[in-house]
Amino acid sequence: MTEELGPSTGPLLPDWLPPEIDQTKAHPARMYDYMLGGKNHFEVDREAAEVAMRGNPAARAMVLENRAFLGRTVRHLAEAGITQYLDIGTGLPGAGNTGEVARAIQPEARVAYVDYDPIVAVHSRALLAGDEQHTTVVLADVREPKSILEHPQVRELLDFEQPVAVLMVALLHFVAEDEDAAGIAAAFRDVLVPGSALVISHGTDGGQPEVSAAARKGWDNAKSRITVREHEEIAALFGDFELVEPGLVQLPLWRPDGAVREDWETIWLDGGVGFKR
Ligand SMILES: C[S@@+](CC[C@H](N)C(=O)[O-])C[C@H]1O[C@@H](n2cnc3c(N)ncnc32)[C@H](O)[C@@H]1O
1 MTEELGPSTG PLLPDWLPPE IDQTKAHPAR MYDYMLGGKN HFEVDREAAE VAMRGNPAAR
61 AMVLENRAFL GRTVRHLAEA GITQYLDIGT GLPGAGNTGE VARAIQPEAR VAYVDYDPIV
121 AVHSRALLAG DEQHTTVVLA DVREPKSILE HPQVRELLDF EQPVAVLMVA LLHFVAEDED
181 AAGIAAAFRD VLVPGSALVI SHGTDGGQPE VSAAARKGWD NAKSRITVRE HEEIAALFGD
241 FELVEPGLVQ LPLWRPDGAV REDWETIWLD GGVGFKR
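In terms of full-length UniProt numbering, the sequence shown has 215 at position 215, counting the first letter as 1, and numbering is strictly consecutive.
As structure tokens, then:
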């Protein structure tokens, strides 16, 4: 698997690292970056990602499909006229990030990026510097919705009297079983005005709990573990938001750009887009 990762041979991290960046524990953002073929990860992240990919050889395909889903959904939202985005659990900035996709259609689109990983904040701020009119980067934890919804930078950039798209793409499976993912999703839904949208993708066990558990071992000692949920539980995260066609489906089936990959059933992530009417 490693050979296929191409450029992921070594870190492209600044030689100065803020002390809050923990190199002793795998972090989901850095594992994800490694699996996507990025350059911002430490040995501990690569080892953990390799455990996941050995546990389920489709793990990397899932990560790539998830990123592609993010792009298709943002394009859909921008085409629907949405110009404000709250992208939570944004990950390390890379090609096809939310702002890039949205602004190709809505040049004035504004994006608040939120993540709980300091390394994401460091990289995002460096990359997005000079674009404060359209972008802000906030270090906050989705498990404390108020810390995001009342954050001065978020409030300054986004007008919650107008439609906002909240993105929780490959995020809520990092919220443990006893941490009330449903309550968290509801807290964000509740502040949105009609015309707003919610995008969620979330891991399932694909009906193969043993393989799923083997892959999830990769996150056992990480900053957050992965908790898979049933399709119905994921659907419930949308509350009374109206899901656009084709509803909540395995990611390759959500408005594919071309032919659907033959092995789409191996992609154990469900995703959808819901609108508040
Ligand atoms: C798998 S990455 C997904 C990145 C991006 N959303 C995408 O789909 O390409 C998950 C991200 O969620 C972040 N994350 C995990 N738990 C979080 C939490 N409780 N609050 C905020 N961010 C969190 C991680 O740091 C990581 O950057």
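The beta carbon of each residue, even a glycine, is placed where N, CA and C say it ideally should be.
From a predicted model like this one, the values you see are computed outputs, not experimental measurements.
Membership of F69 in any beta strand (DSSP E) is not indicated; the residue belongs instead to the alpha helix (DSSP H) covering A59 to E79.
Setting aside the 5 residues that flank it on each side, D117 is surrounded in the same chain by H27 and A29, each with a C-beta closer than 6 Å to its C-beta; the list follows chain order.
Listed in chain order, the alpha helix (DSSP H) elements of length 4 or more contained wholly in the region 134-163 are 145-149 and 152-157.
Burial check for R110: the Cβ neighbour count within 10 Å reaches 16 or more, so the residue is buried.
Of the heavy atoms belonging to ligand 1, none sits nearer than 7 Å to the Cβ of L64. For R110, the uninterrupted beta strand (DSSP E) run begins and ends at R110 to D115, by DSSP. For A170, the Cβ falls inside the 7 Å cut-off from some heavy atom of ligand 1. With contacts defined by Cβ atoms closer than 8 Å, G271 and L248 form a contacting pair.
Non-local C-beta neighbours of A187 in its own chain, meaning closer than 8 Å and more than five positions away in sequence, comprise P145, K146 and L149, ordered along the chain.
T73 and V199 have their C-alpha atoms some 7 Å from each other. With a threshold of 16 other beta carbon atoms within 10 Å, A259 falls short and is exposed.
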